[in-house]
Structure formats: structure tokens, C-alpha cells
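There are 2 protein chains.
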Amino acid sequence: MKNKQFLLAARPVGLPTRQNWDYVETEVAELADNQVLIQVEYISLDPAMRGWMNDGKSYIEPVQIGAVMRAGTVGKVLKSTSSEFSEGDYVYGHCGVQKYAVVGIEGLHKIDPSLAPLERYLGVLGMPGMTAYFGLLDTGLPKAGETVVVSGAAGAVGSIVGQIAKIKGCRVVGIAGGADKCAYLVNELGFDAAIDYKSEDVQKALRAACPKGVDVYFDNVGGDILDNVLTQIRMKARIVICGAISQYNNTTAVKGPSNYLSLLVNRARMEGIVVFDNVANYSKAATEMAGWIAEGKLIAKEHVVKGIEHFPETLLMLFNGENMGKLVLKVEAD
Amino acid sequence: MKNKQFLLAARPVGLPTRQNWDYVETEVAELADNQVLIQVEYISLDPAMRGWMNDGKSYIEPVQIGAVMRAGTVGKVLKSTSSEFSEGDYVYGHCGVQKYAVVGIEGLHKIDPSLAPLERYLGVLGMPGMTAYFGLLDTGLPKAGETVVVSGAAGAVGSIVGQIAKIKGCRVVGIAGGADKCAYLVNELGFDAAIDYKSEDVQKALRAACPKGVDVYFDNVGGDILDNVLTQIRMKARIVICGAISQYNNTTAVKGPSNYLSLLVNRARMEGIVVFDNVANYSKAATEMAGWIAEGKLIAKEHVVKGIEHFPETLLMLFNGENMGKLVLKVEAD
Numbered sequence: 008m009k010n011k012q013f014l015l016a017a018r019p020v021g022l023p024t025r026q027n028w029d030y031v032e033t034e035v036a037e038l039a040d041n042q043v044l045i046q047v048e049y050i051s052l053d054p055a056m057r058g059w060m061n062d063g064k065s066y067i068e069p070v071q072i073g074a075v076m077r078a079g080t081v082g083k084v085l086k087s088t089s090s091e092f093s094e095g096d097y098v099y100g101h102c103g104v105q106k107y108a109v110v111g112i113e114g115l116h117k118i119d120p121s122l123a124p125l126e127r128y129l130g131v132l133g134m135p136g137m138t139a140y141f142g143l144l145d146t147g148l149p150k151a152g153e154t155v156v157v158s159g160a161a162g163a164v165g166s167i168v169g170q171i172a173k174i175k176g177c178r179v180v181g182i183a184g185g186a187d188k189c190a191y192l193v194n195e196l197g198f199d200a201a202i203d204y205k206s207e208d209v210q211k212a213l214r215a216a217c218p219k220g221v222d223v224y225f226d227n228v229g230g231d232i233l234d235n236v237l238t239q240i241r242m243k244a245r246i247v248i249c250g251a252i253s254q255y256n257n258t259t260a261v262k263g264p265s266n267y268l269s270l271l272v273n274r275a276r277m278e279g280i281v282v283f284d285n286v287a288n289y290s291k292a293a294t295e296m297a298g299w300i301a302e303g304k305l306i307a308k309e310h311v312v313k314g315i316e317h318f319p320e321t322l323l324m325l326f327n328g329e330n331m332g333k334l335v336l337k338v339e340a341d
Numbered sequence: 008m009k010n011k012q013f014l015l016a017a018r019p020v021g022l023p024t025r026q027n028w029d030y031v032e033t034e035v036a037e038l039a040d041n042q043v044l045i046q047v048e049y050i051s052l053d054p055a056m057r058g059w060m061n062d063g064k065s066y067i068e069p070v071q072i073g074a075v076m077r078a079g080t081v082g083k084v085l086k087s088t089s090s091e092f093s094e095g096d097y098v099y100g101h102c103g104v105q106k107y108a109v110v111g112i113e114g115l116h117k118i119d120p121s122l123a124p125l126e127r128y129l130g131v132l133g134m135p136g137m138t139a140y141f142g143l144l145d146t147g148l149p150k151a152g153e154t155v156v157v158s159g160a161a162g163a164v165g166s167i168v169g170q171i172a173k174i175k176g177c178r179v180v181g182i183a184g185g186a187d188k189c190a191y192l193v194n195e196l197g198f199d200a201a202i203d204y205k206s207e208d209v210q211k212a213l214r215a216a217c218p219k220g221v222d223v224y225f226d227n228v229g230g231d232i233l234d235n236v237l238t239q240i241r242m243k244a245r246i247v248i249c250g251a252i253s254q255y256n257n258t259t260a261v262k263g264p265s266n267y268l269s270l271l272v273n274r275a276r277m278e279g280i281v282v283f284d285n286v287a288n289y290s291k292a293a294t295e296m297a298g299w300i301a302e303g304k305l306i307a308k309e310h311v312v313k314g315i316e317h318f319p320e321t322l323l324m325l326f327n328g329e330n331m332g333k334l335v336l337k338v339e340a341d
């Protein structure tokens, strides 16, 4: 039984390249006590992975050189020496970029493939969905009638943020790259407006799309777009800092928001979130979101690329803005 | 009766110079209905005045070219056509940089010179004190045992912030420029530690002075010091954005905080404040602070410069870090 694995070979400078990865085929290890052997079926590709490749203190340990790249995964239990998991169970876990994983049971939880397609547990019913749900509702605190702006709006988190804000009665404006994504946000997801940052003057477009100003900004991108939104916030606005994908591959310092003094002028707040803080409430959120999906109020979309061998270039799709919806890698090529 | 006035002659680029001001001597106008004539005795000099000299949207209208420069003042009512104020009353108001002011009664309130020296109503019992009190307590939310860091710590606001944090049982670290100021913070105001940003590596000094990290940062300065503190914040830290004096005279863009993603890693918050939002509660705060002063727990210090003619160079003392405590200009030279 041959494993296929991507190991972190070297820490990237700027965008990761093929040289940052070692692809290896290895023997699958024997199980020790209280372990499971998982056949990974889908691998989650997330902007946060770029941060995990860096050395230094963050909200989670960096991936070590020579280690299997960390990733959220869903898969099937093939063998188990744990009383909590049995052969045939489907599980979510951080099993990494590999075909088979021999792991302890910490952080694993069962999922039900009869309730939703497996890959959806990496999207709206997984980390991106939880990030959107708790980040928007608990930190953004949107009220009906307010204006919510989200960047990375066609991505895994942003598309859910915007739809939840619509469910809560807000005016919702998405910022995304390209006419296709913008059309998708307005025509399929029901956003009130979308701004194509690649072809529009974002600040001017924001003024037009948010005539009353911005009450909540959910930021996935940082950089110039954060600065543009800062010029349009209303009094007591809440800015949720979820990520800064525009800055993750910088080879120079992160661009701090030059317009941050707008927080002062507008008595506004900028607050960071990390989804793991809400783990105790994940199932409540997943239940509510599954309900919205069933009612047709929340559309989940996964962008599936097939073949674990394509991991290096598929990861780059995130940074090039090529995915629409949640990007996942299916381990098998067929 | 000759008035002495400083008018805004031109909007400054960078530090204000003598060319930005017109000094004029004019006749004092007659009173219309519901007005008062005030003899201004003390003029408040505040970092915020630099912002008022710029054009563009802010939390308050810019001063117009040719208008008397806006400033907080205390003075004596010489004549009144209002039923609310009588000759001989002492009042606080925004009467501007001039010896006499003929003004409506909006924004004026009586003060009692028998309870505190007049100039103190521009400091701890005025805007800077209110800014410190509400900014620290309502937005910083310090808890006993937490570590509070304040920049501009020897200034009008910072010195009060640090002392209130001590009263609330916090470990307090001040950042100020120069050995004299640092000694004053520790020896006279009871701060636990002080960092001289002019001679010390602020980040290293913060690590030493805040071994558990920073729970509350009250920022008066922005720039590199804000970035340094961002690297040392604890989980769920609160950063109060009160001002950014290091940036007010920039001729290039404001330096945004490059380390703002520390908010994400630490689930921390950065929030702006404007003192005017608390006007309904000023008197409660002033009463509490007057009590602390009477008990010897809160030391108020004013830095008085005499002679309205010295306004242009005295204002610059703020930006050169030359004042210790609240900077005020006494209109009369003697």
C-alpha cells in the first residue's frame, strides 16, 4: 500500500514554487494503539496554508521542513485501533496532503456522507463555513438594514459571509476579481452589488454601491482594498480581519492600512478572528447552515481539482484568484 | 478694546510654520442677542489642532482659511446678553486663539475657579482628562492585574491614562521621549516602568517591561511605536486609537501598522475614540477624577507658556515632544 505525500521541502520566499515541495511515495506505517488509518478523499486548499509554511510565531505552529504539509481533509477509516472510530467511518481531520494518513484521534470527527457530499465538509460545513458564520455574526454584528461589504467574495469564506448577511437582512456588496465572479455573486448568490477590483476603481465603486457607507467589512484580502474600504466606513463600523491574501506572498513588509485613522474619525473597530476559538459551537452552526442550504437560502459551491499530484499548482489558484467557491483537491485523478 | 487673534493664513504642508498664521489686532465686535464677550485667559494646545488645519472630512469641520484658529479655552465673561451667563462667570468653551471672543452660548459651560486652578479645566478636568478616562475605561476595558501600555505617556492624555490604569490595579508601562520624562513617569506618577523611545529599542524594552505581553495599548502616537506594540499584544488585547501624533505632520502618506495581522493571530481589537461622544457623562468623570486628585492618587500637571504672541512656536512644542503634562498658553505675558 503506497502512500503519496507532499512534504514541505523549503520555506518559500514569495509565491510557493515546485521547489518548495517534495513529492514522495512511501510505505504506509503500521497502526499503534488508539490510531486510525484514513484514506484521504478530499484535501482542503486554504489561503491560511501559506502562513503555515512560514517560520515564526502565529496562531498555530509552522509546518516543519520535511513534514507532510498540513491540510484539512475528509476521508474514510480503513483500519482503527481506537474504540471511537470504526472501519468505514467517514471523518474530517487535519490529515495533510497525502493519500493515506496514520493518525491519532485528536481533532478527528465523524461526518455523514448521506447528508451532504463529502467535499462540502471542507467548505460551508467545515472551516470556511464556520469562519464565515462566527466571524460575521459574532464579530461583525450585522443588523438588518446595515451595509455589509466582503472581499474575496467569490471565495470559500466570502461567498458564505455575503449570503449569511443577506439572510440577516443586510445590503450586501462583494468585492471579487473578474466579471464572471461578479456576475455569479449578483445573479446566483443574490448579492446586491459586486465590485470587480481588477477593472474598477474600488473606492469610487464602493461609494456608488454603499451610498450610506459601510457598517461591516469582512476582510479576506488586506492591502489596498482594506484601505479603500476604510475611507467609506460609517460611524461605529466593525471591520472583521479574517485574512490578508494579498499580502501572504509579499517579499517585503506587509502593507499596513494607511487609512487606519478612519477608525478614530468614525469610532470604528477592527478585530481579528480565528475560527478555532468557536469549536464548541461548530455543530450548532453547521446545523443552522445545513437548514439554510435545505431551504435554498444558502448556496454552497466547491471548486474540485482532481489528482493529488496537482497539489502545487492547485494551491496557487488561490493566490491567482482562479477559484470560484471552495477550492478542494480530490486525491484520485478520476 | 483691542483683540489679539491668530488666524489660519494657509494650510500647512508638514510642520506648521510662522507663514501659516496671521497675527492681527482688531476691534472687538458688539454683542448681538444671546451672546457673551469672554476674556480668554488660557488656551489649550492639543495635537488634534494639527488635524483641524487640514482640509477634508474628519470628525470635525476644518478651520477655514482666514478664520480664528480653533482652540479650547477658559476665560471670564465680561458682558452677556444671554440669560444663562453673567458678567464675572468663568467658562470653558472653544473660543479660539484670541484674547477676546464674542460668541454664542452653544458649547460653553461654567467652571469654578475656587475648586481648581483655571488651567486645570483644560487638562485633567477638560478634554484630555475626559479622553483618557473614557478611552481607557470604556474602550480599553482594563482589568486588575492586566498590563496597560500608553504612548505619549508624559503628555496631557497619556499621563492621566497611566495613572487611572494604576488606580484600577494594572501594571502600567509608559512610552515617552527622554530620560527626564521617563523618570517623571516612574518616580512621580507611579508607573511601573517607562521606555524612552529616543534611546531604547522599543520592542526589546517592551518585552522586558511586559513579560506577560500587553493587554491594553492606549495609542497617542501611531507609527513605529504602534507597530512595536502590535508584536507584543496578548490574546484578546484591546488597542485604543486616540491619536497618531507621529503622523500628523507627514508630507507623505500615513504609515499604516504593518503588523496589524497580529490582531488576527491574537483575536485582538483596535478601536478609535473621539471624546465628544461622552459629553453627557463629562461631569460624572470630572467628579470622580477630582476625587482622585484630592486623595493624592492622580497628579495633574500643566505646562504653561505665557503670552499669546508665542502661539506658533508653542504649538510646535507638542510635535517636538517638549512639553511635560498638559500644554497651555496663558494669554497674558505676565
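Here the protein sequences line up with chains A and B, keeping their order. When you line the first sequence up against the numbering used here, it's residues 8 to 341, in that order. When you line the second sequence up against the numbering used here, it's residues 8 to 341, in that order. In this text, a Cβ means the ideal position worked out from N, Cα and C, and glycines have one as well.
| Check | Outcome |
| --- | --- |
| What does Ser265/A reach in chain B if we use C-beta pairs closer than 8 Å? | Ala260, Val261, Lys262 and Gly263 |
| Which residues in the same chain as Arg274/B place their Cβ atom closer than 8 Å to its Cβ, once the five residues preceding and following it in sequence are excluded? | Met242 and Lys243 |
| Does the beta carbon of Gly133/A come closer than 8 Å to any beta carbon on chain B? | no |
| Of the residues Gly21/A, Gln12/A and Ala293/A, which one's Cα is nearest the Cα of Val31/A? | Gln12/A |
| Is His317/B helix, strand or coil by DSSP? | helix |
| Using the C-alpha atoms, what's the distance from Leu237/B back to Val75/A? | 31 Å |
| How many Å lie between Met331/B and Met296/A at the Cα? | 57 Å |
| Checking the sheet assignment: what are the DSSP bridge partners for Phe13/A? | Tyr30/A |
| How many Å lie between Glu302/B and Pro19/B at the Cα? | 44 Å |
| Tell me, to the nearest whole angstrom, how far the beta carbon of Gly142/A is from that of Val247/A; I am working on the premise that it is less than 8 Å. | 5 Å |
| Which word fits Asn343/B, buried or exposed, when buried means at least 16 other C-beta atoms lie within 10 angstroms of its C-beta? | Because residue 343/B is not part of the residues shown, which for chain B are 8 to 341, the question remains open. |
| Give me the subset of the segment 61 to 81 of chain A whose CB atoms are less than 8 Å from a CB atom of chain B, sorted by chain position. | Lys64, Ser65 and Tyr66 |
| Name the DSSP beta bridge partners of Leu44/B, please? | Lys86/B and Val109/B |
| Between Gly279/B and chain A, is any beta-carbon pair separated by less than 8 Å? | yes |
| Between the C-alpha atoms of Thr294/A and Ile182/A, what's the straight-line distance to the nearest angstrom? | 28 Å |
| Tell me which residue opens and which closes the alpha helix (DSSP H) that Tyr140/A is part of. | Met134 to Phe141 |
| Compute the distance between the beta-carbons of Asn10/B and Tyr97/B, then report whether it is under 8 Å. | no |
| Count the other CB atoms within 10 Å of the CB of Val286/A; is the residue buried (16 or more) or exposed (fewer)? | exposed |
| Could you please give me the residues that DSSP links to His310/A through a beta bridge? | Leu334/A |
| Taking Ser89/B and Val43/B to be in contact with their CB atoms under 8 Å, please state how far apart those CB atoms are, rounded to whole angstroms. | 6 Å |
| Tell whether a beta-carbon distance below 8 Å holds between Phe60/A and Leu15/A. | According to the sequence displayed, residue 60/A carries Met and not Phe. Cβ distance < 8 Å, so Met60/A and Leu15/A count as in contact. |
| Threshold first: 4 residues or longer. Then list the alpha helix (DSSP H) segments lying entirely within the segment 236 to 292 of chain A, N to C. | 269 to 272 |
| What does a CB cutoff of less than 6 Å around Lys83/B pick up in its chain, not counting 5 residues either side in sequence? | Gln46 and Tyr97 |
| Does any residue of chain A have a CB that is nearer than 8 Å to the CB of Val164/B? | no |
| Under 8 Å between beta-carbons, which chain B residues line up against Tyr222/A? List them in chain order, please. | According to the sequence displayed, residue 222/A carries Asp and not Tyr. Under the 8 Å cutoff, chain B gives no residues; its nearest Cβ is about 15 Å from Asp222/A. |
| Bridge partners for Ser51/B per DSSP, in chain order? | Val335/B |
| Look up Ala39/A in the DSSP assignment and say whether it is helix, strand or coil. | coil |
| Is Val228/B helix, strand or coil when you go by DSSP? | coil |
| Determine the DSSP secondary structure at Thr24/B, reduced to helix, strand or coil. | coil |
| Suppose contacts are defined by Cβ-Cβ distances below 8 Å. Is Ile118/B in contact with Trp299/B by that definition? | no |
| Any beta carbon of chain A sitting closer than 8 Å to that of Asp284/B? | yes |
| Buried or exposed: where does Gly263/A fall if 16 or more other Cβ atoms within 10 Å of its Cβ makes it buried? | buried |
| Can you give the beta carbon distance from Ser65/A to Gly58/A, rounded, assuming they're within the 8 Å contact cut? | 6 Å |
| Which residue from Asp53/B, Ser51/B, Ile67/B and Gln71/B puts its Cα closest to that of Asn27/B? | Gln71/B |
| Considering only the beta carbon of each residue, do Leu271/B and Val281/A sit closer than 8 Å? | yes |
| When we look at the beta-carbon of Ala151/A and count the other beta-carbons within 10 Å, is it buried (16 or more) or exposed? | exposed |
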